[in-house]
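Participant: For the sequence shown, position 1212 (counting from the first letter as 1) is numbered 1212 according to UniProt numbering, and the numbering increases by one without interruption. Glycine included, each C-beta is placed from N, C-alpha and C at the ideal position. The structure presented is a predicted model; accordingly, all values stated were derived computationally and were not measured.
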Amino acid sequence: MNDNPESSRPKRQKAGKTSRFEALAKLKKIKTDGTKHKYEVEPMQNVYEEVSEQEYTDRVVKRQQDNWIVDDYQIDGYVEDGREIFDDDLDEESIVKEEKKGRGKKRSRADKSFDEDIPSNRDIQKMFANMPVKKKKEVPVNLDEDDILDDLIHELDNSSKPEILKTPQLIPSRVTEKIKKENQTRGYLESFSTLLKSPRSSLKNVSDNKNENNVLKCNSTIDFDKNHDEIIETSEEIMNKPKTVIQKAIEQELFDENMDDIEDFDFEEAIKAEKSFVEQSELSIKKESIKSEIKIDFEDTKWPIESIQEEEQVSLPHDISSKLPLTTDKNGNQVFRFFYLDAFEDVFKQPGIVFLFGKVKPVNVNAYVSCCVIVKNIERRMFLLPRNSTSKNEEVKMVDVYNEFNNLSDQYQVRNFKSRKITKKYAFDLPDVADESEYLEIRYSASYPPLPIDLSGNTFSRVFGTNTSFLELLLLDQKIKGPCWLDIKSPQLSSNPMSWCKLEILCLDMKNVQLAPIASPPPIVIMTLNPRITYNKKTRQNEILIISCLVHTHFPMDQAPSTHLHNQFFCAISRPSNTPWPPRHQEELKKCGDSSKIIKMDSERALLTFFLAKLSKIDPDLIIGHDICSYILTTLVNRLEANKIQNWSKIGRLRRTLFPKKGKFMSEKSVLSGRLICDTQISAKELIKARSYDLYSLSEQILNIKENEHLNLSDDEVSYMYCSAESLIQLIKFTIMDTSCVMRLMCQMNVLPLALQITKIAGNLLSRTLIGGRAERNEYLLLHAFNEKGYILPDKQYKKRTNNMDENQLIEDDSIKKNGRKKAQYLGGLVLDPKIGFYDKMILLMDFNSLYPSIIQEYNICFTTVSFRTLQADSQEGDDEVAELLKLIPNQMVARGILPAEIKSLVDSRREYNLRQTALKLTANSMYGCLGFTHSRFYAKPLAALITAKGREILISTKALVEKLAFDVIYGDTDSLMINSNCVDYDQVMKIGYKIKSEVNKIYKQVELDIDGIFKYMLLLKKKKYAAVSISKLPSGEFITKEEIKGLDIVRRDWSQLSQEAGRFVLRQILSDQAPEERVSNICAQLEKLKIDLDENKVPLVLLAISKTLTKAPQDYPDSKALPHVAIAQRLNKQSIKFKQGDTISYVVCEDGTNLPSTQRVYHVDELKTNTALKIDVKYYLSQQIHPVIARLCSPLEDIDSKMIAEHLGLIIIILLFCTNLLGE
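Shown next as structure tokens:
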């Protein structure tokens, strides 16, 4: 211890020690004198100073500006804001007003001045972020070696000082990096629209493009702050900012992020971040720059909760099910009338029971609610076909058939049954069944097991209807065709509910279900469901983080909604299991609007419980989602089971206790029984043509929402969005926007009205129509038609059909399986040999309207008119079979068959109703398909072969007629012809088309040829592979053109996007109004630019990715070496990533230091990012990606060939010998 008195500090003494001694001395004196001590009470002093409210506020503001707490030197620590504990309600306006007058400079212990506008909203998070950290050893930067950095700093030093706006960073750096890369990709793709006149100029443009990309990179901005306008600046103005300002912008971003990333700092990111701190900018950017700019400004996007006035649901009385809403039918009977929407049955667990779901208006309630009608006691029904004679040549009577079945009933546990004799017709594939015969109809309770489908006896040869479903019996017997009003006689209230519907009715007899008078359908409740699902690598399970729903409680079924697409909205949000909530997230959530619409949940279990409660209250009739039938529904069911959610079956309308079996689509779909499902992905595949059917591609194509207005986040990027409250709000907005797009897609494509019309036409279930089921529609259409005519219906085959084949055929089938390609069972449409070439004269495209349905009507082809059953067993492929089939064409004296009659009614209806036209067209065109579909109940190979044979005959005869008129047919496919007009005048070509049309249509009554279009230019490569520019004339006389591509490499996903874009560029040059020399010059210049970009690593990685889909599970592939995407999936599945059937794998070909073939040097895109030893195999992309695509497109041109293309790509000709031979094949 230091004893030096000068250096030692004085001892501490307690305050008031002297007065204490004086008090003791006074007390001693009083005791000695013997006097009584009297305590004198001093008058009370007021310790509070009374001031006015305004003066008190001014003093608080003054204390707030005085940073009197001593903290670490130059480090922001704890800060006292000058308020008392009771100052929570202090006037904020006065404080803000005082701050605007001018805030004092912050004083530290060293009394060092700082720049003004230091943020005052300090918190403990920033305190930890600002704590001193151990810095790594700084690496000196040699400015002489980095010209860009030197110029950048030099310009920053010579700039003026702007004002800085305190705005926090709203998006995590990894997400902004993703946006930056997407912007670079779009910028590079736009370079294909720039023409390079010569190889020399191409080099210059490459350099210019580099500078242009740098400018665009600086100009890209994302603004999410709704308090400020979008800030756009050019890089030149940014360079004029002072160095100190840029450094402060950098510091602000580093404080919001991690200090650990400071060593990896680069100035491009600093400039980009600095723009979010600039308050004003009056510069405008040229249109070219704006096109490539990313704009995700969600503050301009109206939130659904702000754009509508929500309607409150009608509160239902508790005794809603105590009294039935009965009405009187036309016969004066009291019936329960409801609108039937959908049906469900479980033939294994609940045989003989069918659940009918619909809408009804209860007593004293002015709203429609859900109801369930349980139809019980539906009996099994089958028909026994008597033999002509027994094995002893004795005549078989109906009583003999009855006696034999009575003896067999005990064997098959059928204790009671009813029977009757009935006459039925048959017109299908079994050759030993008469066209019309007497049958023994058997009916017995569904509680008894069904009979074997192959049952036969001594007195009967076959039994029909053993596996007919009870739902099919109900729909056919009661003639229920799609959603309609139904009357239930003798209804009963259910005492033991089996559903979650508001009203449940029992119907004990199927005959009590009758059609009600036709009326418009009631409005339904729809819900658009869009969950945010991520994969947790630690638990190796999917997690549901956000559930966003849009609801419409009065949505019309048969037309588009007249007002808003929704009138309710809610969004429930949780967090990943291993991620905490970001600071200040509750404050940001409160800014989003009504807190009852955006609800925070602490766990996934709470999220799912809340969602089920909302779903039960809203009780939607239709749930809409994108890819909901596979990914969303599977994940939702799995998470309900994993979290052990009570009453999980409320997701549907049937009460259940056991979860469905995993991996079974129909089992998982059954949990939603009673609620219709609309998958916009499935609907889009049926209704429109698109390259990709993901949500963002469809939104761009149908809704005209630009791709850069969406942000498709990966699982990791979703987790990063939980780093800050602001980015979490943006994640919610992303999810809400996706939900809105799903709803708009459904309405834009008219999915619900179209599905309703199709279901009414076919007579199947609306739920099956919404999820595809085209073959089932046609089955039910024919089932209703043949049942009404008294025909025995073909049984449903649950196993693959087997025909009589000899050993040679079996050996041939084995070889087909080994080769992996199945031979067609009959000849299809005719495809004429194309006359390959490039055509700069107009091509006339003509086709037959609905050729196959027209052939069915033209030649009266039907099960009932063509005696095809004798050919079924002995049919052989070849010309003889076709000749035999053509002999079966019925003459004009034969009565119209059921198939032509049904198609005629569809065609006639198309002429009457505008809304039904698309539905009728889809149904009529697919009628032929059920005849040739092997697993269809109405499969008839001879009829399908006969229809296609007549189609080939019509196409050949039409081609001969056109050539007779002195026109050249360059190509034909099934129902269309392409005719070279040798003319460039549009009106003259149309006259030629009308002439050909009139000559052909004179020959037929139902078959009709029409003009489908005119091609201005056409590049015809081979069968089913061509590109053209179609031209059409508006009523105003203006011409419009459109590019049409079919079968080319540039529309296939198994080529890289770079190859596709290069091919599109070449195709645009070929189909443009240019001289041949100019076309070739532009193509060669672009090829040289591509080579330079690949060599200098300027091509974005995403453009090099090749995508292929797993058609089965990765482990089910026998050999993965020849299948790159399978090899990658198997390799990555051993790690954390799990690829499954249906997933798309994106990979690149790299140089990894080995001599393996290219198919074994493939890596996932993410692997390339983490492994620095991998390099893109430039030679592979030039020789096997770009060269084949370009060579195929240019093969018909005379001025350029494969060798010339290889030279401009810098390839050695010998290397391309294999590719050239392959191209020739």
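Quick one: which unbroken alpha helix (DSSP H) runs of 4-plus residues sit fully inside the segment 747-805? Chain order, please.
Facilitator: Segments of the alpha helix (DSSP H) lying fully in the segment 747-805: 751-762, 766-770 and 774-788.
Participant: Confirm, please, whether the CB-CB distance from Val1148 to Ala1206 is below 8 Å.
Facilitator: Their beta carbons are not under 8 Å apart, which means Ala1206 does not touch Val1148 by this criterion.
Participant: When you compare only the Cα positions, how much space is there between Leu1209 and Lys1024?
Facilitator: Leu1209 and Lys1024: Cα-Cα distance of roughly 28 Å.
Participant: Among all the DSSP beta bridges, which residues are the ones paired with Asn980?
Facilitator: Answer is Ile843 and Asp968, bridged to Asn980.
Participant: Lys1108 and Ile1145 look like a contact to me (Cβ under 8 Å); what is the Cβ gap, rounded to whole Å?
Facilitator: Contact flag correct, Cβ pair sits at about 6 Å.
Participant: So, Ile1040 versus Ser1032, is the Cβ gap smaller than 8 Å?
Facilitator: The answer is yes: Cβ separation under 8 Å.
Participant: When the Cα atoms are used, what is the spatial distance from Met737 to Pro1100?
Facilitator: Between Met737 and Pro1100, the C-alpha separation is close to 28 Å.
Participant: Can you tell me whether Phe348 is buried or exposed? The criterion is at least 16 other CB atoms within 10 Å of its CB, across all chains shown.
Facilitator: Exposed: under 16 other Cβ atoms inside 10 Å.
Participant: Classify Ala560 as helix, strand or coil using the three-state DSSP reduction.
Facilitator: Correct three-state label for Ala560: coil.
Participant: Enumerate in chain order the residues of its own chain whose CB-to-CB distance from Arg952 is below 8 Å, with the five nearest sequence positions on each side excluded.
Facilitator: Closer than 8 Å at the Cβ level, and outside the excluded window around Arg952, lie Leu827, Gly829 and Leu830.
Participant: At which residue ranges does the segment 1065-1105 contain complete alpha helix (DSSP H) runs of 4 or more residues, listed in the order of the chain?
Facilitator: Qualifying alpha helix (DSSP H) stretches, in chain order: 1076-1095 and 1101-1104.
Participant: What separation, rounded to the nearest whole angstrom, lies between the Cα atoms of Thr234 and Met721?
Facilitator: Because the pLDDT of Thr234 is 33, which lies under 50, any placement of that residue in the model is unreliable, and the number read from its coordinates should be weighed accordingly. Thr234 and Met721: Cα-Cα distance of roughly 28 Å.
Participant: Starting from Lys489, follow its DSSP beta bridges and name the residues at the other end.
Facilitator: According to DSSP, which records beta bridges pairwise, Lys489 is partnered with Val335.
Participant: Rounded to a whole number of angstroms, what is the C-alpha to C-alpha distance between Ile598 and Leu550?
Facilitator: Approximately 12 Å, taken between the alpha carbons.
Participant: Closest Cβ-Cβ distance between Thr539 and chain D: below 8 Å?
Facilitator: Absent here is chain D; the protein component of the structure consists of one chain.
Participant: Terminal residues of the continuous alpha helix (DSSP H) containing Gly1210?
Facilitator: From DSSP, Gly1210 is part of no alpha helix (DSSP H); its letter is neither H nor E.
Participant: At which residues does the alpha helix (DSSP H) containing Pro853 begin and terminate?
Facilitator: Run containing Pro853: Leu851 to Glu858, per the alpha helix (DSSP H) assignment.
Participant: Relative to the C-alpha of Pro325, which residue among Ser1202, Gln1006, Leu503 and Asn849 is closest?
Facilitator: The residue with the shortest Cα to Cα distance from Pro325 is Leu503.
Participant: Return the chain-ordered list of same chain residues with a C-beta closer than 7 Å to the C-beta of residue 1237, the five sequence neighbours on each side being excluded.
Facilitator: In the structure as shown, the chain starts at 1 and stops at 1225, and residue 1237 therefore has no counterpart that could be examined.
Participant: Using a Cβ-Cβ cut-off of 6 Å (strictly less than) and excluding sequence neighbours within five positions of Asp487, which residues of its own chain qualify?
Facilitator: The residues are Asp329, Val335, Arg337, Gln514 and Ala516.
Participant: Which same chain residues, not among the five before or five after Lys302, have their C-beta less than 6 Å away from its C-beta?
Facilitator: Confidence in Lys302 is poor, its pLDDT being 44 and thus under 50, which makes the residue's placement too unreliable to answer from.
Participant: Between the alpha carbons of Lys835 and Asn1097, how many angstroms are there, rounded?
Facilitator: Lys835 and Asn1097: Cα-Cα distance of roughly 41 Å.
Participant: My assumption, with CB atoms under 8 Å, is that Arg380 sits in contact with Pro450. Please give the rounded CB distance.
Facilitator: The pair is a contact, with the Cβ atoms about 6 Å apart (cut-off 8 Å).
Participant: Could you check whether Thr579 and Ser719 sit closer than 8 Å to each other, using their CB atoms as the reference points?
Facilitator: Cβ distance < 8 Å, so Ser719 and Thr579 count as in contact.
Participant: Can you tell me whether Ala966 is buried or exposed, with buried defined as 16 or more other CB within 10 angstroms of its CB?
Facilitator: So Ala966 counts as exposed.
Participant: Starting from the C-beta of Lys1042, find all residues in its chain whose C-beta is less than 6 Å away, skip the five residues before and the five after it, and write them out in chain order.
Facilitator: Ser1030, listed in sequence order.
Participant: If I measure Cβ to Cβ from Asn333 and keep anything under 7 Å in the same chain, skipping five residues before and after, which residues do I get?
Facilitator: Same-chain partners within the cutoff: Lys489.
Participant: Give every residue of the same chain whose Cβ lies closer than 8 Å to the Cβ of Glu588, excluding the five residues on either side of it in the sequence, and list them in chain order.
Facilitator: Contacts found: Ala725, Glu726, Leu728 and Ile729.
Participant: With a threshold of 8 Å on Cβ separation, who are the neighbours of Leu676 within its own chain once the five nearest residues in sequence on each side are excluded?
Facilitator: These residues qualify, in order along the chain: Leu341, Asp342, Asp621, Leu622, Ile623, Leu766, Ser767 and Leu770.
Participant: Keeping to the same chain, check which residues put their C-beta closer than 7 Å to that of Lys650; ignore five residues upstream and five downstream.
Facilitator: Counting only Cβ-Cβ distances below 7 Å, and skipping sequence neighbours, we find Trp500, Leu612, Leu615 and Ser616.
Participant: Give a yes or no on whether the C-beta atoms belonging to Leu713 and His626 are separated by under 8 Å.
Facilitator: Not a contact, by the Cβ cut-off of 8 Å.
Participant: Beta carbon of Lys424, beta carbon of Gly790: below 8 Å?
Facilitator: It is a contact, given that the beta carbons lie within the stated cut-off.
Participant: Please report the straight-line C-alpha distance between Asp833 and Ile956, rounded to a whole angstrom.
Facilitator: Those two C-alpha atoms are separated by around 12 Å.
Participant: Taking only the alpha-carbon atoms, compute the straight-line gap between Val360 and Cys371 and give it to the nearest angstrom.
Facilitator: Rounded to whole angstroms, Val360 to Cys371 spans 6 Å at the Cα level.
Participant: By how many angstroms is the C-alpha of Asp454 removed from the C-alpha of Asp429?
Facilitator: The alpha-carbon atoms of Asp429 and Asp454 are separated by roughly 16 Å.
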